[in-house]
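Undergrad: One structure is given below, represented as structure tokens, and several questions about it will come after.
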Amino acid sequence: MIQADSAPLTFEDYFRAYPEDGGIYELINGELVAVNPRDDHEEVIAFAVAELNLEVRRQNLP
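For the sequence shown, position 41 matches number 75 in our numbering, and the numbering has no gaps at all.
Pasting the structure below:
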């Protein structure tokens, strides 16, 4: 979790401070908080990646 400075972040500060690490964050009580994906979200991603890999192999794509 990224700690807020002495003053809570504003909505505009939120966008300026948003990390570019690919994570998902929320602004909660003036603090930028990392959000973990839910289990069902991870299952959907795993399924989509598996299907994409199958199609890539079927099409003989690099």
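No residue lacks a Cβ here, since even glycine has one placed at the ideal position from N, Cα and C.
#1: Mark LEU43 as exposed unless 16 or more other C-beta atoms lie within 10 angstroms of its C-beta, in which case mark it buried.
#2: Given this structure, state the Cα-to-Cα distance separating ASP55 from GLU77, to the nearest angstrom.
#3: With a threshold of 8 Å on Cβ separation, who are the neighbours of LEU61 within its own chain once the five nearest residues in sequence on each side are excluded?
#4: Just curious, the beta strand (DSSP E) that TYR48 is in, first and last residue?
#5: Less than 7 Å between C-beta atoms, sequence neighbours within five positions excluded: which residues of the same chain meet that for LEU95?
TA: With the given structure in hand:
#1: For the purposes of this step, residue 43 is taken as residue 9 along the sequence shown, with counting starting at 1. Classification of LEU43: buried, given that the 10 Å Cβ count is 16 or more.
#2: Counting from 1 along the sequence shown, the entry for residue 55 is found at position 21. Counting from 1 along the sequence shown, the entry for residue 77 is found at position 43. When rounded, the distance between both Cα atoms is 22 Å.
#3: For this step, residue 61 is matched to residue 27 along the sequence shown. These residues qualify, in order along the chain: LEU43, PHE45, TYR48 and VAL67.
#4: On the sequence shown, position 14 is the one that residue 48 refers to. From DSSP, TYR48 is part of no beta strand (DSSP E) but of the alpha helix (DSSP H) over 45-51.
#5: Taking the first residue of the sequence shown as 1, we reach residue 95 at position 61. For LEU95, where only same-chain residues beyond five positions count, there are no Cβ hits under 7 Å.
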